[in-house]
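Working notes for the structure below.
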Amino acid sequence: MILPAQSEWYKDAIIYQLHVRTFSDSNSDGVGDFRGLQQKLDYLEELGATAVWLLPFYPSPLRDDGYDIADYCAVHKSYGTLEDFKAFLTAAHERGLRVIIEMVLNHTSDQHPWFQESRSSRDNPKRNWYVWNDTDELYRDARIIFIDTELSNWAWDPVSKAYYWHRFFSHQPDLNFDNPEVREAIWQVMRFWLELGVDGFRLDAVPYLVERDGTSCENLPETHDIIREYRRRLDESFPGRMLLAEANQWPADVCAYFGHGDEFHMAFHFPLMPRMFMAVRLEDRKPIIEILQRTPEIPQNCQWSIFLRNHDELTLEMVTDVERDYMYDEYARDKSTRINLGIRRRLAPLIDNDRRRIELLNGMLMSLPGTPVIYYGDEIGMGDNIYLGDRNGVRTPMQWDGHWNAGFSEADPERLYAPIVSNPVYGYQAVNVDSQKRSEHSLLSWMKRLVQVRKSSQVFSRGTISFLDPPNHRVLAYVREYGNDRVLAVNNLSSTSQAVELNLRKYKGFIPIEMSGKTIFPRVGELPYLLTMGPYQFYWFRLRRI
Ligand code: BGC
Numbered sequence: 432m433i434l435p436a437q438s439e440w441y442k443d444a445i446i447y448q449l450h451v452r453t454f455s456d457s458n459s460d461g462v463g464d465f466r467g468l469q470q471k472l473d474y475l476e477e478l479g480a481t482a483v484w485l486l487p488f489y490p491s492p493l494r495d496d497g498y499d500i501a502d503y504c505a506v507h508k509s510y511g512t513l514e515d516f517k518a519f520l521t522a523a524h525e526r527g528l529r530v531i532i533e534m535v536l537n538h539t540s541d542q543h544p545w546f547q548e549s550r551s552s553r554d555n556p557k558r559n560w561y562v563w564n565d566t567d568e569l570y571r572d573a574r575i576i577f578i579d580t581e582l583s584n585w586a587w588d589p590v591s592k593a594y595y596w597h598r599f600f601s602h603q604p605d606l607n608f609d610n611p612e613v614r615e616a617i618w619q620v621m622r623f624w625l626e627l628g629v630d631g632f633r634l635d636a637v638p639y640l641v642e643r644d645g646t647s648c649e650n651l652p653e654t655h656d657i658i659r660e661y662r663r664r665l666d667e668s669f670p671g672r673m674l675l676a677e678a679n680q681w682p683a684d685v686c687a688y689f690g691h692g693d694e695f696h697m698a699f700h701f702p703l704m705p706r707m708f709m710a711v712r713l714e715d716r717k718p719i720i721e722i723l724q725r726t727p728e729i730p731q732n733c734q735w736s737i738f739l740r741n742h743d744e745l746t747l748e749m750v751t752d753v754e755r756d757y758m759y760d761e762y763a764r765d766k767s768t769r770i771n772l773g774i775r776r777r778l779a780p781l782i783d784n785d786r787r788r789i790e791l792l793n794g795m796l797m798s799l800p801g802t803p804v805i806y807y808g809d810e811i812g813m814g815d816n817i818y819l820g821d822r823n824g825v826r827t828p829m830q831w832d833g834h835w836n837a838g839f840s841e842a843d844p845e846r847l848y849a850p851i852v853s854n855p856v857y858g859y860q861a862v863n864v865d866s867q868k869r870s871e872h873s874l875l876s877w878m879k880r881l882v883q884v885r886k887s888s889q890v891f892s893r894g895t896i897s898f899l900d901p902p903n904h905r906v907l908a909y910v911r912e913y914g915n916d917r918v919l920a921v922n923n924l925s926s927t928s929q930a931v932e933l934n935l936r937k938y939k940g941f942i943p944i945e946m947s948g949k950t951i952f953p954r955v956g957e958l959p960y961l962l963t964m965g966p967y968q969f970y971w972f973r974l975r976r977i
């Protein structure tokens, strides 16, 4: 079943990000699978998600949690079969849930047959599918991304006695996008999944597709040409499907990936994310306003995607050195929680399990411009396990209930792909879906209401934003407008109560109606509008001319 091509559905989406392996294990082998995920679709629907983004589920040696793909057109056997995937897709579509999958096109695993052929000899027909060189001298201006593990972007291949290029782990050789055969092969992969009915792709690591000596090898015009060509083919054969860019870059460079509305439909706003955490810690709105004011307008048919946390470290690539030091000092005192240029923690532990800050950050996630992404488990305040290596600490099994293996799997606990979080604060007996469903006041119940309110008006998903400039800098206030709909959002970024005077002269005569309780507030008059706010409190008011 293919969902009807509803125009710009991605703008109004609530995306839930998950890895099949972490979610639910149906065959008791300790690893989540598509059948298990299918059984949990009710949960996603109840939460209010309208799209699910799946992390890579393809055959892979799993040395980078599946971002090292060994076969693009199949399912890793631990997660089920292609038939299981199809059944899941149909079940998701029957509920109107869209499915976004990963297209890791910059590189493959070194176990991919393409690479095995390419390395087998210098005159193999697939030699030119990867980026080979006799020395490691070329492209010296390209930075190293995984600075904790890699010393160079070149690796020596003892088989064919040459160097190959890799922007990530050395077991992930980069494909050569100058080769038309590679470009075509990747399109055929996309076609394969599009024909099955997937609604969109997150294109992994797009800035790095093409290399040119003397440049940073990022965001090159040739890379944009390739994307434009994929988009043209997508629109031609699969209208209504969506491309989402993972380009961890400054706003102006990311904006280039929207092109003239002819490249990506969506792109993650990487620089905004750390600044939300920074603003809450500094108790000052400046970082958020500054970065959004530096963000150029995007074409009408495009949309930002915003997030608080994801499966990677909380990346600090898009902040200044001073800001990075500040973030490390405030959010990662324990040095073992730092990795590459970032912090490998989940949302709740980052902010010391403070429910008020969890709510405030989610309030901003749902009211700032863009489509929000919820990382699985953050809606119940799951913790992490910093003793697991790499970024695996934020990828532990979903905590469904207080029983055996948190309801994730019936396997022996030793067999699970990763241990369940079990400490007294974040452990599955304290933090799980089942117990939170029983309470109206749990984080989960609160998140459901928040999502409902967000979905009650397209002003959040499609509206413009204008910031107010109250003298109290601890308060971040903005008005979103879409057609005749207006919402005023006011966020107290501070740990103490605050009073704020808002200049709402433009809305004189309007009545603010607080959206979660539908409470009517005093009419806006001539004088500055006075609000008092508790620590980390936020309000959403619909401004009605009654
Ligand atoms: C993914 C990472 C992955 C890397 C290399 C990133 O963009 O989000 O999880 O390690 O690409 O594929």
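Quick note, this note's numbering runs 431 ahead of the 1-based positions in the sequence shown.
C-beta atoms are modelled at their ideal positions from N, C-alpha and C, and glycine is treated no differently.
Counting other Cβ atoms within 10 Å of its Cβ, residue 500 reaches 16 or more and is therefore classed as buried.
Counting along the chain, no beta strand (DSSP E) covers residue 437, and no H or E run does either.
Residue nearest to residue 512 within the set 895, 906, 459, 466 is 466 (criterion: CA-CA distance). Our two residues, residue 901 and residue 908, have alpha carbons roughly 8 Å apart in a direct line. Within the same chain, 881, 920, 922, 969, 971 come within 8 Å of residue 794 by CB-CB distance, once the 5 residues on both sides are set aside. Three or more pairs of CB atoms, one per stretch, sit closer than 8 Å, so the stretch 691-710 contacts the stretch 669-682. Per DSSP, reduced to three states, the secondary structure at residue 813 is coil, with no helix or strand assignment.
In this structure the stretch 703-712 lies against the stretch 752-767, because at least three pairs of beta carbons, one per stretch, are closer than 8 Å. The shortest C-alpha to C-alpha distance from residue 489 to any of 481, 510, 579, 517 is the one to 510. Pairing residue 918 with residue 973 gives a Cβ-Cβ distance under 8 Å. Its Cα nearest to that of residue 445, the residue 527 stands out among 515, 591, 527.
Going by C-alpha positions, residue 452 is about 43 Å away from residue 928. The continuous alpha helix (DSSP H) containing residue 710 extends over residues 703-713. Annotation for residue 725: 682 place their beta carbon closer than 6 Å to its own, counting only its chain and skipping 5 residues before and after. Spatial neighbours of residue 531 in its own chain (CB-CB distance under 8 Å, excluding positions within 5 residues in sequence) are listed in chain order as 446, 482, 483, 484, 485, 629, 630, 631, 632, 633, 673, 675. Rounded to whole angstroms, the separation of the alpha carbons of residue 692 and residue 575 is 31 Å. Three or more beta-carbon pairs drawn from the stretch 883-903 and the stretch 436-443 are found closer than 8 Å, and the two stretches are therefore classed as touching. The Cβ neighbour count for residue 872, taken over all protein chains shown within 10 Å, is under 16; the residue is labelled exposed. Under a 10 Å Cβ-count criterion, residue 565 is classified as exposed, with fewer than 16 other Cβ atoms of the shown protein chains found around its own Cβ. The residue from 719, 955, 762 with its alpha-carbon nearest to that of residue 737 is 719. Relative to the non-hydrogen atoms of ligand 1, the Cβ of residue 806 never comes closer than 7 Å to any of them. Taking a contact as a CB-CB distance under 8 Å, the pair residue 551 and residue 613 does not count as one, their CB atoms being some 17 Å apart. Just so you know, the alpha carbons of residue 865 and residue 586 end up roughly 48 Å apart.
Taking all protein chains shown into account, residue 930 has fewer than 16 neighbouring C-beta atoms within 10 Å of its C-beta and is therefore exposed. When C-beta atoms of the stretch 855-863 are compared with those of the stretch 777-790, three or more pairs fall below 8 Å, so the two segments count as touching. For residue 654, the enclosing alpha helix (DSSP H) stretches over residues 652-668. Under DSSP, residue 585 forms a beta bridge with 596. Ligand 1 has a heavy atom closer than 7 Å to the beta-carbon of residue 603.
The alpha carbon of residue 539 has as its nearest neighbour, out of 588, 642, 503, 762, the alpha carbon of 503.
Sequence-distant partners of residue 523 (beyond 5 residues in either direction) whose C-beta falls short of 7 Å from its own C-beta, in its chain, are 472, 483, 530. The beta-carbon separation of residue 570 and residue 584, rounded to 7 Å, stays under the 8 Å limit for a contact. Judged by beta-carbon spacing, residue 817 lies beyond the 8 Å limit of residue 836, meaning their Cβ atoms are not closer than that value. Residue environment analysis places residue 767 among the exposed positions, since fewer than 16 neighbouring C-beta atoms fall within 10 angstroms of its C-beta. Taking the CA atoms as reference points, residue 844 sits about 12 Å from residue 853. The Cβ atoms of residue 746 and residue 773 sit closer than 8 Å to each other. Relative to the Cα of residue 790, the nearest Cα in the group 959, 463, 810 belongs to 810.
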